[in-house]
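So the structure is just underneath, and the comments pick up after that.
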Amino acid sequence: MSAAGDAQPMTARKSGPLRGVAEVPGDKSISHRALIFGAMAVGETRISGLLEGQDVLDTARAMRAFGAQVVQHGAGSWSVHGVGVGGFAEPADVIDCGNSGTGVRLIMGCMATHAMTATFTGDASLRKRPMGRVTEPLALFGARSYGRKGGRLPMTVVGAAQPVPVRYTTPVPSAQVKSAVLLAGLNAPGQTVVIEREPTRDHSERMLLGFGAELFVEDSAEGRVITLTGQPELRPQVVAVPRDPSSAAFPVCAALVVEGSDIFVPGVSQNLTRNGLFLTLVEMGADIAFQNPRSEGGEPVADLRVRFGPLRGIEVPPERAPSMIDEYPILAVVAAFAEGRTVMRGVKELRVKESDRIDAMARGLEACGVRVEEDEDTLIVHGMGAGGVPGGATCAVHLDHRIAMSFLVLGMAAKAPVTVDDASPIATSFPVFEGLMTGLGAVLDRVRA
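All residue numbers for the sequence shown refer to full-length UniProt numbering, where the first residue is 1 and numbers rise by one.
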């Protein structure tokens, strides 16, 4: 069953060459942050290119609940009239973050240093995800949280009336944890310090600087040290959201495995903390040309020309995982069409995403005739070469948008059709996926009851 009603199965069939321009939506991570930082600034922030997937719409609704004025003016064009740092109002109702782990964890960070109480929930998938990795550092500021067993939603957070600054070393590479601590530190006096042993996506740091916060980043023997001075007055900004590399991954990878494909994907973020998949694909022999590199909205972007060609299995460096953690499911599909083994180590974080993504991909690939190996922190795919995957299975997606899109891409190049048991979660991050892919030439059919 989907999060919002009956399941919506979808089948992907072997497709002819994919051709054309794939204009993917705005970056989800930056879209969340643009709304949140806009709500914490004083004045009107204007946003263009905002991703209008359900995850981001839930964050917009949450910012309204905390007192900001959030207005949609047209497709991707929004404004946020912020209430300033420390200006959040206590919400009158439960904050429903739907499927978004990013949304709920960042918003918890925002309100944790306000003297207020808020209750958070989400869909069936989000209610399974651990929140302790965020609530534990927020407790250091003085916040208290009360959730279900295992630190799961629904959860009530009581913000600190007199917050104190924090020095915190993240125990796992997580941009969500880092960002939650920095957001809490905005309304705490003095300097809040976050130390990362492994760098993660840096959108929060970039955006904090853009909104006028006093923030310094330096490398030390401890790792990457981020120092934020609390209680600034954030200035409203004009934010142009670049296109999402995690969404671009699906048409890019489809073009790499569907014989004869040649597509163009404009304006994709090339942030070094997000581009691990593209580095990996190039190492596998992918024909990807990075054209017209430039900066948009403070983020590096490029246009991608992607063509089908032979691929080889590789061992992905485990230290690359933070820069591509959301892309391992679709990489596993590409690996199935490569020659030889693709080894993905250091990926245990996949176990606590919207689903257990290692298990979901392993079971689905096996059902489609692909040999896999796995342990707690590893996924190994034994490639079958171009056109060599049998397919012919129905794959469970476990309310996970990336699992659904990954298996649909597999079906576009497999010998027999591949069905996902529920395509409805795709709307959380890539609402135009079906239309974009069929516009390129993919064959996707909705399964009628």
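We treat Cβ as the ideally placed atom computed from N, Cα and C, and that holds for glycine. If you're wondering where the values come from, they're calculated on a predicted model, not measured in any experiment.
For N187, same chain residues with a beta-carbon under 6 Å away, outside a window of 5 residues either side, are V85, G86 and T113 in chain order. Checking the DSSP bridge columns, you'll see T45 partnered with V80. Between the alpha carbons of S355 and P130 lies a distance of about 12 Å. About 18 Å separates the Cβ atoms of G387 and R341, ruling out a contact at the 8 Å cut-off.
Pairing V70 with L35 gives a Cβ-Cβ distance under 8 Å. Excluding its 5 nearest sequence neighbours in each direction, H203 has C-beta neighbours in its own chain below 7 Å: S29, I30 and R33, listed in chain order. In the DSSP secondary-structure assignment, G383 is bridged to G340. Around the Cβ of P329, a 10 Å sphere holds 16 or more other Cβ atoms; the residue is buried. Nearest neighbour of G26 by Cα position, chosen from P17, G76, E374 and F37, turns out to be G76. Close CB contacts of Q291 within its chain, under the 8 Å cut and outside five residues either way in sequence, are with A302, D303, L304 and R305 (chain order). Measuring C-alpha to C-alpha distances from E339 to each of K348, A332 and G313 identifies G313 as the nearest. Counting only residues of its own chain and dropping the five nearest sequence neighbours on each side, V389 has a CB closer than 8 Å to the CB of A336, F337, C368, G369, V370, L410, A413, A414 and K415. When DSSP states are grouped into helix, strand and coil, V217 belongs to the strand group.
Here D6 is exposed, its C-beta having fewer than 16 other C-beta atoms within 10 Å.
With fewer than three CB-CB distances shorter than 8 Å, the region 267 to 283 does not count as touching the region 209 to 217. Of the other Cβ atoms in all chains shown, fewer than 16 fall within 10 Å of the Cβ of K149; this residue is therefore exposed.
Per DSSP, the beta bridge partners of M10 are V420 and R446.
In the displayed model, M155 falls within a strand according to three-state DSSP. Only residues of its own chain outside the window of five on either side were considered, and among them D96, C97, G98, S100 and G103 have a CB closer than 7 Å to the CB of D58, listed in chain order. Pairing F37 with G67 gives a Cβ-Cβ distance that is not under 8 Å. C-alpha of P310 to C-alpha of V334: approximately 11 Å in a straight line. 8 Å or more divides the Cβ of V181 from the Cβ of T169. In the three-state scheme derived from DSSP, where H, G and I count as helix and E and B as strand, E434 is classed as helix. In summary, E52 is buried, with 16 or more beta-carbon neighbours lying within 10 Å of its beta-carbon over all protein chains present. By the C-beta density criterion, A289 is exposed, having fewer than 16 other C-beta atoms within 10 angstroms. Annotation note: the region 96 to 124 contains the following uninterrupted beta strand (DSSP E) runs of length 3 or greater, listed N- to C-terminal: 117 to 121.
When C-alpha distances from V134 are compared across A22, G147, D375 and L350, the shortest belongs to G147. Measuring C-alpha to C-alpha distances from P236 to each of F433, P17 and V83 identifies V83 as the nearest. Membership of A393 in any beta strand (DSSP E) is not indicated, and neither H nor E is assigned to it by DSSP.
Taking each of E23, R345 and D400 in turn and checking the Cα distance to K128, the smallest one comes out for D400. Taking 4 residues as the minimum length, the alpha helix (DSSP H) runs contained wholly in the region 233 to 267 are 245 to 257, in order along the chain. Considering only E366, V257 and K353, the residue with the shortest C-alpha distance to A124 is K353. D262 and L279 have their C-alpha atoms roughly 19 Å apart. Using a 10 angstroms sphere on the CB of P242, the tally of other CB atoms reaches 16 or more, which defines it as buried. Every unbroken stretch of the alpha helix (DSSP H) spanning 4 or more residues and falling wholly within the region 267 to 352 is given here in chain order: 276 to 283 and 328 to 336.
Secondary structure note for I226: its beta strand (DSSP E) is the uninterrupted segment G223 to T229.
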